[in-house]
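Before any comments, here is the structure.
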Amino acid sequence: MPSVKLRPAVRALILDEQDRILLCRHVLSRPAGRVVWAAAGGGIEQGETPLAALRREVREEVGLVLGADPPHVWHQEAVGPGYAAGYEGVSNDYFLVRTTTFTPRGSLSDEQLAAEAIRGLKWWHLREIASYAGSDLFSPRDLATPLTALVATGPPARPLRLGV
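The numbers in this note's numbering rise by one with no breaks, and the one at position 146 of the sequence shown is 173.
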């Protein structure tokens, strides 16, 4: 079976002292107007380590400067059109970032964020995600389940593999 070309990416599960998670609101062009709430992060650039990419993405998108290396908690592979231009899907590595509540404002301008389809940021309580009945999606789709386990038990010994 031929291998698929996946875009390597990193994501920060930014949790505050109330166990709220900071998510980015992505408004997608295909299908037009679809909204997906996802952890801050993005693609790993050529020659960049995953942790360097994580630090850059978190600083750019939400304005948080990471200190110590956060634990790698989840791995996800999503194959299909629309995940990353020029790729057949994306490979996301998620890292747990604990912080105090802050007002997110990254180094990117609103126009630069919009070019990355980011149209807002929001702190979510786990119960809000678990009970959400609107048309927006979360990434991963069942975010509430692994996030609830992560909050309850802490980082796993090895990253857990997630579905889409």
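Glycine included, C-beta positions come from ideal geometry on N, C-alpha and C.
Straight-line measurement puts the Cα of A79 at about 28 Å from the Cα of H152. In this structure, E104 is the residue among G181, E104, R146 and W150 with its C-alpha nearest to the C-alpha of P167. Collapsing the DSSP output to three states places I71 in coil.
When C-alpha distances from H102 are compared across P35, A179, R154 and C51, the shortest belongs to P35.
Taking one beta carbon from each stretch, the segment 156-176 and the segment 134-148 have fewer than 3 pairs nearer than 8 Å; the two do not touch. In this structure, the straight-line span from the alpha carbon of L91 to that of G107 is close to 31 Å.
At a cut-off of 4 residues, the continuous stretches assigned as alpha helix (DSSP H) that sit fully inside the segment 111-153 are 137-142.
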